[in-house]
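Notes for the one structure printed next.
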Amino acid sequence: MIFGMKKKLINALLYYKDLRPGNLRSPKYKHLFLLLFWPAFGLVFMSLERFAPVIWEAVTGSPLVYYDIVSPLDAHIPFCEVFAIPYYFWFVFLIGMILYSLLFDVQAFRNYMWFVILTYSATAIIYILFPNMQSLRPTELPRENLFTMIIAGLYEFDTNTNVCPSIHVLGSVAVCLAGLHSERLKQLGWKLFFIISTVLITLSTVFLKQHSVIDIYAALALSALVYPLVYILPRRKKEKKKE
């Protein structure tokens with residue numbers, strides 16, 4: 014089994030053995046350009062978080078108005094610091110799919126990245142046109158332990174603005190769909206892993222009071238709109254070409 018895994022990894026690495034700056038635009042490697050979206054979006058998101066309020070106030074003379082996103086259901090969801098585990102697992106989830114699909118399933122990588130590009134870009138536009146925030150975080154954490162220390166650091170680093178739709182949920186759905194549609198990950202165990210991980214990460218956003226349930230609904234609605242563009246329409250086009 015170990016030998017088989019090593020052989021697969023060697024074959025995957027051999028796929029990129031001829032990669033050079035001069036042939037990045039070749040059909041074999043041009044999918045790597047999709048990776049440029051991550052730093053580009055990071056820059057846009059950071060600008061919206063840190064600089065947009067300052068620029069708005071400097072230009073207009075008044076503070077940027079954020080719409081508070083809240084649902085009656087939010088009040089019934091208790092704060093639970095243990096959900097810091099799936100919340101931070103999100104980063105492993107996203108990066109893991111990037112690495113796996115780049116090495117073993119390039120088509121899954123393309124689908125994954127295009128889903129992210131479309132949903133995250135739409136989200137950035139929503140944040141610009143509809144600045145929003147949430148005021149659900151507890152003013153004082155109820156307990157003192159390792160998890161609450163981690164969450165206190167999260168609250169300090171991450172602002173409570175630009176929350177709807179939830180990027181955490183969109184990213185999780187992107188990974189889940191890429192995994193479920195991957196030709197190499199058809200086993201039931203993998204399917205359960207992707208679904209359960211996505212559900213736990215989604216729940217973590219409300220149990221840590223990082224998001225309202227409305228942010229989840231918005232992310233799922235946006236995912237439903239983008240899903241056919243990435244996974245259904247391209248497949249139908251291929252099927253028509255074969256006929």
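The sequence shown begins at 14 in the working numbering and counts up one residue at a time.
From the three backbone atoms N, C-alpha and C, an ideal C-beta is built for every residue, glycine too.
- Membership of alanine 165 in the alpha helix (DSSP H) is indicated by the continuous run 159 to 170.
- The shortest CA-to-CA distance from methionine 126 to any of Pro40, Gly202, Trp203 and Trp51 is the one to Trp51.
- Secondary structure note for valine 105: its alpha helix (DSSP H) is the uninterrupted segment 97 to 117.
- Here threonine 174 carries a strand assignment [DSSP, helix/strand/coil].
- Secondary structure note for aspartate 228: its alpha helix (DSSP H) is the uninterrupted segment 226 to 240.
- If only uninterrupted alpha helix (DSSP H) runs of at least 4 residues are considered, those enclosed by the segment 193 to 228 are 201 to 220.
- The alpha carbon of leucine 167 has as its nearest neighbour, out of Thr136, Lys222, Ala187 and Val243, the alpha carbon of Lys222.
- The C-beta of glutamate 94 has 16 or more other C-beta atoms within 10 Å across all chains shown, which makes the residue buried.
- Between isoleucine 82 and glutamine 147, the C-beta gap is smaller than 8 angstroms, which places the two residues in contact.
- Of the other Cβ atoms in all chains shown, 16 or more fall within 10 Å of the Cβ of methionine 110; this residue is therefore buried.
- By a beta-carbon distance limit of 8 angstroms, valine 239 contacts phenylalanine 128. Their separation comes to about 6 angstroms.
- The alpha helix (DSSP H) runs of length 4 or more contained entirely in the segment 56 to 88 are, from start to end of the chain, 65 to 73.
- No Cβ-Cβ contact shorter than 8 angstroms links leucine 37 with leucine 49.
- With fewer than 16 other CB atoms across the displayed protein chains lying within 10 angstroms of its CB, leucine 201 is exposed.
- Put simply, the backbone Cα of proline 178 is about 20 angstroms away from that of phenylalanine 92.
- Serine 195 and serine 217 have their C-alpha atoms spaced approximately 26 angstroms apart.
- Annotation for phenylalanine 220: Cys93 and Phe96 place their beta carbon closer than 6 angstroms to its own, counting only its chain and skipping 5 residues before and after.
- Under the criterion of beta carbons closer than 8 angstroms, serine 84 and isoleucine 227 qualify as touching, at roughly 5 angstroms.
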